[in-house]
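Take a look at the structure below.
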Amino acid sequence: MSIDADATATVRGLIDFHLHAAPDVRPRRLTWLQLATDARAAGMAGLVAKSHHAVTADVAAVVQEAVPELRLWGGVTLNRAVGGINPDAVAAALAMNGRIVWMPTHDALAHAAGPPLPVLTDRGALRDEVVEVIDLVAEARAVLCTGHLGQREVMAVAEYARGRDCKVVVTHPEHRVNHIDVAAQKELSAAGAVLERLLPRAHTVTDLAGIAARISGVGCESSILGSDLGQPDQPHPVDGFAGFISGLTKLGFSDREIGRMARELPLALLDEAAPR
Numbered sequence: 001m002s003i004d005a006d007a008t009a010t011v012r013g014l015i016d017f018h019l020h021a022a023p024d025v026r027p028r029r030l031t032w033l034q035l036a037t038d039a040r041a042a043g044m045a046g047l048v049a050k051s052h053h054a055v056t057a058d059v060a061a062v063v064q065e066a067v068p069e070l071r072l073w074g075g076v077t078l079n080r081a082v083g084g085i086n087p088d089a090v091a092a093a094l095a096m097n098g099r100i101v102w103m104p105t106h107d108a109l110a111h112a113a114g115p116p117l118p119v120l121t122d123r124g125a126l127r128d129e130v131v132e133v134i135d136l137v138a139e140a141r142a143v144l145c146t147g148h149l150g151q152r153e154v155m156a157v158a159e160y161a162r163g164r165d166c167k168v169v170v171t172h173p174e175h176r177v178n179h180i181d182v183a184a185q186k187e188l189s190a191a192g193a194v195l196e197r198l199l200p201r202a203h204t205v206t207d208l209a210g211i212a213a214r215i216s217g218v219g220c221e222s223s224i225l226g227s228d229l230g231q232p233d234q235p236h237p238v239d240g241f242a243g244f245i246s247g248l249t250k251l252g253f254s255d256r257e258i259g260r261m262a263r264e265l266p267l268a269l270l271d272e273a274a275p276r
């Protein structure tokens, strides 16, 4: 796959924190090996592999061996396909060097078309299995992403995770399904959580200028960047991520700020030393 030359210059040394590829339950534009090969050719530093239905720690390890110049991190998403909010699935993914655990996405209370997977009891307390999952993630120094949890659930998860010194990333807070308002974003950031900013598309509540305003309002020091691409009808993920970065640059973000959001902070979350 040919990557635009301008895209290569834009994404060099950066990390896309949110991507989809094949094999997957849903159709995807590229395989993980194809995507990693293209990202390496563009000079990217790394990719985070996400699936709504499967563990990605294993495929990340295999592709990493095939494309050693690029870092690829995987994990597990706690939807029904892996038994829901399942501590055993988390333990297995972490044992395979998974670095990210996503709370439910398509099966979350805020998103599910069928019976949901709530993280809170009827009295508003975290369910026992949620506490166990957070404890496992904290002990492994991995990253807990909030998936498609709604704002009330995110606040409760983040509060407990903070007490366990667990790294928390609030997944796409501008998504219509799990929108987190700016006041809550500021509260979460002040408590140590990181906000994942994604390329705005039809399912986001604001456009690129709105994303930029929220980054500035909450602080780029607590934001990371991703594309959420990989769908067959969407741009190549490298080109799409480059367009996102270029758009933020045109709106006034410096190279240092972009580097903080798309390189330094992701590496710090994933316990990696910055490549020289």
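Numbering (the numbering used here), first residue to last: 1 to 276.
Beta carbons are placed, not taken as given, at the ideal position from N, Cα and C, and that holds for glycine.
Since the model is a prediction, treat every value here as computed from it, not as a measurement.
Exercise. Look up R308 in the DSSP assignment and say whether it is helix, strand or coil.
Key: Shown here, the chain extends from 1 to 276; a query on residue 308 therefore has no answer.
Quiz item: To which residues does DSSP link G226 through a beta bridge?
Solution: Locating residue 226 in the sequence shown gives position 226, counting from the first residue. Looking at the DSSP output, G226 bridges to L198.
Practice problem: Would you be able to state if there are at least three C-beta pairs under 8 Å between the segment 52-71 and the segment 90-101? | Solution: With a cut-off of 8 Å, the segment 52-71 and the segment 90-101 count as touching, because enough Cβ pairs lie within range.
Self-check item: Length-filtered (3 minimum) beta strand (DSSP E) runs lying within the segment 85-172
Solution: Segments of the beta strand (DSSP E) lying fully in the segment 85-172: 100-102, 143-145, 167-170.
Exercise. Specify the secondary structure class of R276 as computed by DSSP and reduced to three states.
Key: Working through the sequence shown from its first residue, we reach residue 276 at position 276. For R276, the predicted structure reports a pLDDT of 42, less than 50, and the residue's modelled location is therefore unreliable. The matter cannot be settled from this model.
Exercise. Measure the C-alpha to C-alpha separation of V25 and Q151 and round it to an integer number of angstroms.
Key: Walking along the sequence shown from the start, residue 25 turns up at place 25. Walking along the sequence shown from the start, residue 151 turns up at place 151. When rounded, the distance between both Cα atoms is 28 Å.
Quiz item: Is I211 helix, strand or coil when you go by DSSP?
Solution: The residue you call residue 211 lines up with position 211 of the sequence shown. It is helical.
Exercise. For A39, collect the residues of the same chain with a Cβ closer than 7 Å to its Cβ; drop the 5 residues on either side in sequence, then sort them by chain order.
Key: On the sequence shown, position 39 is the one that residue 39 refers to. These residues qualify, in order along the chain: L47, L70, V238.
Practice problem: For K50, count neighbouring C-beta atoms within 10 Å of its own C-beta (all shown protein chains included) and say buried if the count is 16 or more, exposed if not. | Solution: Translated into positions along the sequence shown, residue 50 becomes position 50. Burial check for K50: the Cβ neighbour count within 10 Å reaches 16 or more, so the residue is buried.
Practice problem: Kindly give me the distance between the Cβ atoms of L126 and A81, rounded to whole angstroms, as I take these residues to be in contact under 8 Å. | Solution: The residue given as residue 126 occupies position 126 in the sequence shown. The residue given as residue 81 occupies position 81 in the sequence shown. Taking C-beta atoms under 8 Å as the contact rule, L126 and A81 fail to qualify, at a distance of about 22 Å.
Quiz item: In angstroms, rounded to a whole number, what distance separates the CA positions of L149 and A41?
Solution: As a working note, residue 149 is residue 149 in the sequence shown. As a working note, residue 41 is residue 41 in the sequence shown. Distance between the alpha carbons of L149 and A41 is about 35 Å.
Self-check item: Pairwise C-alpha distance: G114 and A202
Solution: Position 202 of the sequence shown, counting from 1, holds the residue named residue 202. Position 114 of the sequence shown, counting from 1, holds the residue named residue 114. Across the structure, A202 and G114 are spaced so that their CA atoms are roughly 23 Å apart.
Quiz item: What is the residue span of the alpha helix (DSSP H) that A49 lies within?
Solution: To locate residue 49, count along the sequence shown from 1; it is residue 49. No alpha helix (DSSP H) contains A49, which is instead part of the beta strand (DSSP E) from 46-49.
Quiz item: In its own chain, which residues sit with a C-beta less than 6 Å from the C-beta of S223, not counting the 5 before and 5 after it?
Solution: Here residue 223 corresponds to residue number 223 of the sequence shown, with the count starting at 1. The answer, listed in chain order, is L195, R197, I215, M261.
Quiz item: According to DSSP, is D16 helix, strand or coil?
Solution: Along the sequence shown, read from residue 1 onward, the residue named residue 16 stands at position 16. Looking at D16 - three-state DSSP - the assignment turns out to be strand.
Practice problem: Return the CA-CA distance between E174 and E153, expressed in angstroms with no decimal places. | Solution: In the sequence shown, the residue the question calls residue 174 occupies position 174. In the sequence shown, the residue the question calls residue 153 occupies position 153. Put simply, the backbone Cα of E174 is about 16 Å away from that of E153.
Quiz item: I15 to E187, Cα distance in whole Å?
Solution: The residue labelled residue 15 in the question sits at position 15 within the sequence shown. The residue labelled residue 187 in the question sits at position 187 within the sequence shown. In this structure, the CA atom of I15 is about 26 Å from the CA atom of E187.
Quiz prompt | Coil, strand or helix - V279 by DSSP | solution = Here the chain has residues from 1 to 276 only, and residue 279 is not among them.
Quiz item: Quick one: Cα of R276 to Cα of I245, how far?
Solution: Position 276 of the sequence shown, counting from 1, holds the residue named residue 276. Position 245 of the sequence shown, counting from 1, holds the residue named residue 245. Residue placement at R276 is poorly supported in this model, since its pLDDT is 42, which falls under 50; the coordinates still yield a value, given next. Straight-line measurement puts the Cα of I245 at about 21 Å from the Cα of R276.
Quiz item: Quick one, which of S227, G219, E139 has its alpha-carbon nearest T204's?
Solution: As a first step, residue 204 is located in the sequence shown; it is residue number 204 there, counting from the start. In terms of Cα proximity to T204, the closest of S227, G219, E139 is S227.
Quiz item: So, using beta-carbon positions, are C220 and E264 closer together than 8 Å?
Solution: If you number the sequence shown from 1, residue 220 lands on position 220. If you number the sequence shown from 1, residue 264 lands on position 264. Cβ distance not < 8 Å, so C220 and E264 don't count as in contact.
Self-check item: Reference A92, options T77, T105, P104, closest by Cα
Solution: What you label residue 92 is simply residue 92 of the sequence shown in a count that begins at 1. Ranking the options by Cα distance to A92, first place goes to T77.
Exercise. Would you mind stating whether H52 and H106 have Cβ atoms separated by less than 8 Å?
Key: Here residue 52 corresponds to residue number 52 of the sequence shown, with the count starting at 1. Here residue 106 corresponds to residue number 106 of the sequence shown, with the count starting at 1. Yes, these two residues count as a Cβ contact at 8 Å.
Exercise. Give the secondary structure of V76 by DSSP, where H, G and I count as helix, E and B as strand, and everything else as coil.
Key: Mapped onto the sequence shown, residue 76 falls at position 76. The DSSP-derived three-state label of V76 is strand.
Self-check item: Classification of G163 by the beta-carbon crowding that lies within 10 angstroms, buried from 16 upward
Solution: Stepping through the sequence shown from its first residue, residue 163 is reached at position 163. Classification of G163: exposed, given that the 10 Å Cβ count is below 16.
Quiz item: For G217, does the count of other Cβ atoms within 10 angstroms reach 16, so buried, or fall short, so exposed?
Solution: As a position in the sequence shown, residue 217 is number 217, starting the count at 1. G217 comes out exposed.
Exercise. Could you tell me if V170 is buried or exposed, where buried requires 16 or more neighbouring beta carbons within 10 angstroms of its beta carbon?
Key: Within the sequence shown, numbered from 1, the residue matching residue 170 stands at position 170. Classification of V170: buried, given that the 10 Å Cβ count is 16 or more.
Exercise. Could you check if V182 is buried or exposed, using at least 16 other CB atoms within 10 Å of its CB as the buried criterion?
Key: Position 182 of the sequence shown, counted from the start, is the residue given in the question as residue 182. With fewer than 16 other Cβ atoms within 10 Å, it is exposed.
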